[in-house]
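Those letters in the sequence shown? Residues 1 to 305, per this note's numbering, in order.
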Amino acid sequence: MNSITSEAKYRQRVIRYSYKHGVTRAANRFRRSRNAIYEWRAKYDGNWKSLVDKSHRPHSHPKQHTEEEKALIMRHWKHNKDDRIVLWDTLRKKGYTRHYNSLVRVLNKWLPAEQKAKQKARKPKPYERAEYPGQKIQIDVKYVPSDCVANGQKYYQYTAIDECTRVVFREMYDEHSTFSSKDFLEKLMTSFPFQIREAQTDNGTEFTNALLVTKSKHKSLFEQALADMGIIYHRIKIATPQHNGKVERQHRIDGQRFYKKMRMYSLADGRAQLAKYNIRSNNIPKICLGFQSSNQILEKYLGVM
């Protein structure tokens, strides 16, 4: 809820209180002037949206463009549509005295939408979908919400999701490091019932040393473990979390389904609850899988592999 909406709903509460107890008591209780409350009541039509402040922007001002200036601009704009700085220079020779920024502002206001300069929409490259389980998995880390933790310590959830079947594996740690990443990878290998060909992560220091200020020549524990297991390692581009979108989306779902109702008292307690959620979540239908669960999709592939 933004500040405009919250202020309008606050005014609605004040009005309702004034209807029940009077304007004077409402003014004393909410510390607002009686005149303000009377103004709100005059605007109120039963919906809080009627209490939203309208724009205070004036309809006109003494220094606005005149009709003669507008006619001059529009007459020369037809011949200089693609270069506004040339248009401004031409107008100055005709007696136009405004700043270039003023010219651009009024052009954006006057021109029809189809004649305004439009930025070309970015066309993302087509994404190659995984064709079989284990072809690519996405790995990321989520902070466990502090309001779920009773002992005040920080915990982290490591998450891996298979792009093909959307099977998810999670584990909780009290340390955010390459050692935890390596341990998670080892547990992941025994958890997934298929071979992993490629792993994808962001550029966090818990995964790689590539972006450290002091360039490190040796691989991190996580990178070395991937190399020893024969797994291809892929790092997404910097500041592009959408490239790890499946695991990012899963983190948001976990916050809604699990952490919203969860309360943990130790690392062992958190891991025990997360293990139960791991089993339950993989049996929940997903829209992207045609309303089938990840385990149902996995069974179909394992039947022919």
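Glycine included, C-beta positions come from ideal geometry on N, C-alpha and C.
Should the segment 164 to 177 be called in touch with the segment 290 to 304, which here means at least 3 C-beta pairs below 8 Å? Yes, they touch.
Buried/exposed call for Leu87, threshold 16 Cβ in 10 Å: Here residue 87 refers to the residue found at position 87 of the sequence shown. Buried, by the Cβ-count rule.
Going by alpha carbons, who is nearest to Leu72 out of Leu103, Arg122, Phe222 and Glu198? The residue given as residue 72 occupies position 72 in the sequence shown. When Leu103, Arg122, Phe222 and Glu198 are compared, the shortest CA-CA separation from Leu72 is found for Leu103.
Continuous alpha helix (DSSP H) assignments of at least 4 residues falling wholly in the segment 50 to 82: Qualifying alpha helix (DSSP H) stretches, in chain order: 67 to 77.
Give the single residue among Thr190, Ile37, Ile238 and Thr24 whose Cα lies nearest to the Cα of Thr208. As a first step, residue 208 is located in the sequence shown; it is residue number 208 there, counting from the start. Of Thr190, Ile37, Ile238 and Thr24, the residue nearest in Cα terms is Ile238.
Rank Lys93, Tyr259, Tyr173 and Gln138 by C-alpha distance to the C-alpha of Val247 and give the top, closest one. As a working mapping, residue 247 is identified with position 247 in the sequence shown. Checking every option, the nearest Cα to that of Val247 belongs to Gln138.
Going by C-alpha to C-alpha distance, which of Met172, Asn244, Leu221 and Gln256 sits closest to Tyr156? Within the sequence shown, the letter at position 156 stands for residue 156. Looking only at Met172, Asn244, Leu221 and Gln256, the smallest Cα-Cα distance to Tyr156 is reached by Met172.
Rounded distance between the beta-carbons of Ala27 and Ile15, thought under 8 Å: Numbered from its first residue, the sequence shown carries residue 15 at position 15. Numbered from its first residue, the sequence shown carries residue 27 at position 27. Ile15 to Ala27, Cβ: 12 Å. No contact.
Confirm, please, whether the CB-CB distance from Tyr143 to Phe184 is below 8 Å. Locating residue 184 in the sequence shown gives position 184, counting from the first residue. Locating residue 143 in the sequence shown gives position 143, counting from the first residue. The answer is no: Cβ separation not under 8 Å.
Can you have a look at Asn282 and say buried or exposed, based on whether 16 or more other CB atoms are within 10 angstroms of its CB? Reading the sequence shown from its first residue, position 282 is the one you call residue 282. Buried, by the Cβ-count rule.
Could you say which of Cys148, Gln292, Gly230 and Thr66 lies nearest to Leu307 if we only look at CA atoms? Since the first residue of the chain shown is 1 and the last is 305, residue 307 is not available in this structure.
Looking only at C-alpha atoms, which of Lys217, Asp82, Lys276 and Tyr132 sits nearest to Val304? Sequence index remark: in the sequence shown, residue 304 carries index 304 (1-based). Taking each of Lys217, Asp82, Lys276 and Tyr132 in turn and checking the Cα distance to Val304, the smallest one comes out for Tyr132.
Please report how far the alpha carbon of Asp45 lies from the alpha carbon of Leu51, in whole angstroms. Taking the first residue of the sequence shown as 1, we reach residue 45 at position 45. Taking the first residue of the sequence shown as 1, we reach residue 51 at position 51. Distance between the alpha carbons of Asp45 and Leu51 is about 9 Å.
Determine the burial state of Glu128: buried for a count of at least 16 other Cβ atoms within 10 Å of its Cβ, exposed for fewer. Residue 128 sits at position 128 when you count from the first residue of the sequence shown. It counts as exposed.
So is the beta-carbon of His99 under 7 Å away from any non-hydrogen atom of the ligand ZN? The ligand ZN is absent from the structure shown, which contains no ligand whatsoever.
Please classify Arg122: does DSSP put it in a helix, a strand, or coil? As a working note, residue 122 is residue 122 in the sequence shown. Arg122 falls in the coil class under three-state DSSP.
Look at the alpha carbon of Met189 and the alpha carbon of Ser294, and state the distance between them as a whole number of angstroms. On the sequence shown, position 189 is the one that residue 189 refers to. On the sequence shown, position 294 is the one that residue 294 refers to. Straight-line Cα distance between these residues: approximately 18 Å.
Using a Cβ-Cβ cutoff of less than 6 Å, which residues in the same chain neighbour Ser180 once the five nearest sequence positions on both sides are dropped? As a working note, residue 180 is residue 180 in the sequence shown. Apart from the 5 residues on each side of it in sequence, Ser180 sits with its Cβ closer than 6 Å to the Cβ of Tyr173 in its chain, given in chain order.
For Glu163, report the span of its alpha helix (DSSP H) as first-last. Numbered from 1 along the sequence shown, position 163 holds the residue referred to as residue 163. Taken as a continuous stretch (DSSP letters only), Glu163 belongs to no alpha helix (DSSP H), as it is neither H nor E.
Excluding five sequence neighbours on each side, which residues of the same chain lie with their C-beta closer than 8 Å to the C-beta of Trp40? Position 40 of the sequence shown, counted from the start, is the residue given in the question as residue 40. These residues qualify, in order along the chain: Arg11, Val14, Ile15 and Leu51.
Per-residue DSSP class, three states only, for Lys286: As a working mapping, residue 286 is identified with position 286 in the sequence shown. Three-state DSSP puts Lys286 in a strand.
Less than 8 Å between C-beta atoms, sequence neighbours within five positions excluded: which residues of the same chain meet that for Asn101? Here residue 101 refers to the residue found at position 101 when the sequence shown is read from its first residue. Within the same chain, no residue comes within 8 Å of Asn101 by CB-CB distance, once the 5 residues on both sides are set aside.
Every unbroken alpha helix (DSSP H) within the segment 207 to 250, with a cutoff of 4 residues, ordered by chain: Whole alpha helix (DSSP H) segments, 4+ residues: 221 to 229.
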